[in-house]
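The next block holds one structure in the form of structure tokens; read it before the comments.
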């Protein structure tokens, strides 16, 4: 599994930035043109997937984390079940633990929705890829440009009617009252 320097930089950046493929591609030096689509394509590369899996295995083993435990925890949050969390305060100067607290809480609605979204994305039931979003934004921008051009053409035609001087006298009625939709 030999990766190029750029692919390795992408994978390392993806792992360290919390899973943002676009930012990882930017950090690895990929071209800013269509960076979202290129990042998604690069992320699907089997060699990169294998490299990232290899990098994560020792960390997961050390943390005793596997996919099953992660999904169960995610579903617990999504369903609003009580979660046990630990908080500790350590004084680096005195090199001693000041406080070590275990608390129980129920996740709020925002956390529940985010956890369920993440789970549905994992299951492949919720797709909102960066390519789809980019296509939607491009279509909206094109529609906005067409609308602006049409409005400009209408205004030019009205201005031409008002400024066109020929030998005839005429009255131009301009309807400024917007119609109710």
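Numbering (our numbering), first residue to last: 749 to 929. All C-beta atoms in this analysis are idealised placements derived from N, C-alpha and C, irrespective of residue type, glycine included.
Whole-angstrom C-beta distance between residue j and residue i, which should lie under 8 Å
{"i": "residue 823", "j": "residue 867", "result": "6 Å"}
{"i": "residue 803", "j": "residue 763", "result": "6 Å"}
{"i": "residue 785", "j": "residue 757", "result": "The Cβ separation is near 19 Å, so there is no contact."}
{"i": "residue 818", "j": "residue 791", "result": "That belief does not hold up - the Cβ atoms of residue 818 and residue 791 are roughly 19 Å apart, past 8 Å."}
{"i": "residue 874", "j": "residue 865", "result": "6 Å"}
{"i": "residue 778", "j": "residue 754", "result": "7 Å"}
Residue i - DSSP class collapsed to helix/strand/coil
{"i": "residue 801", "result": "helix"}
{"i": "residue 896", "result": "helix"}
{"i": "residue 751", "result": "coil"}
{"i": "residue 830", "result": "coil"}
{"i": "residue 848", "result": "strand"}
{"i": "residue 756", "result": "helix"}
Continuous alpha helix (DSSP H) stretch holding residue i: start and end
{"i": "residue 940", "result": "Summary: the structure shown does not reach residue 940, with the chain confined to residues 749 through 929, and so no result is reported for it."}
{"i": "residue 857", "result": "857-871"}
{"i": "residue 816", "result": "815-826"}
Burial state of residue i (16 or more Cβ within 10 Å)
{"i": "residue 820", "result": "exposed"}
{"i": "residue 772", "result": "buried"}
{"i": "residue 825", "result": "buried"}
{"i": "residue 799", "result": "buried"}
{"i": "residue 863", "result": "buried"}
{"i": "residue 833", "result": "exposed"}
{"i": "residue 887", "result": "exposed"}
Open item on the list: Extract the residue ranges of the alpha helix (DSSP H) inside the segment 764-813, only unbroken runs of 4 or more that lie entirely within it.
Closed with: Correct list: 769-776, 783-791, 794-811.
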